[in-house]
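Below: one structure, written as structure tokens.
In full-length UniProt numbering, the protein residues as written are 1 to 191.
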């Protein structure tokens with residue numbers, strides 16, 4: 001279910017499907033780094049201003065699905081204009097800062113992004129750009145990323161399927177929204 005908070009900035013309504021915390025798993029595979037399954041938690045939040053705040057943490061999973069160690073962390077800000085064009089600024093734990101531009105597809109919750117600018121610290125690994133695709137599909141948030149370095153052409157490197165995390169506050173809000181005239185026995189409700 002997509003909810004639009006009453007205090008969400010009007011410009012962000014097309015991105016309301018991203019709001020909340022998402023968790024799931026995916027696959028990481030890029031030349032020169034470990035191929036692995038990973039777990040991920042992503043949060044899109046807002047404070048009433050004209051941007052979404054984005055946080056992502058991922059970790060390597062062992063063959064039983066247990067956390068082994070951190071993989072990647074990102075933090076950023078997402079904006080959208082009246083023409084459905086997005087600009088995103090992100091910083092990663094490894095010393096990379098990126099500016100992404102893209103667009104929200106017409107009449108569907110799908111976002112295509114590509115890097116426009118990349119800045120790196122001296123300690124960061126080689127990286128020269130990327131592309132990302134995000135989509136809201138049957139209640140899940142799916143994403144796929146491509147990456148390039150000076151040595152490796154643009155190629156897929158990470159993808160994940162994330163499920164919305166339901167909080168106790170969500171359950172309380174939904175319970176308060178139920179109609180007052182529900183049957184007492186609960187069984188009649190399902191007939």
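Ideal Cβ placement from N, Cα and C applies to all residues, glycine included.
- For residue 37, the uninterrupted beta strand (DSSP E) segment begins and ends at 36 to 45.
- In the three-state DSSP reduction, residue 156 falls in the strand class (E or B).
- Around the beta carbon of residue 137, fewer than 16 other beta carbons sit within 10 angstroms, so the residue counts as exposed.
- Across the structure, residue 157 and residue 145 are spaced so that their CA atoms are roughly 6 Å apart.
- Taking 8 Å as the cut-off, the Cβ atoms of residue 112 and residue 103 count as close.
- Collapsing the DSSP output to three states places residue 166 in coil.
- With a 10 Å radius around the Cβ and a threshold of 16 neighbouring Cβ atoms, residue 153 comes out exposed.
- Taking C-beta atoms under 8 Å as the contact rule, residue 28 and residue 71 qualify, at a distance of about 7 Å.
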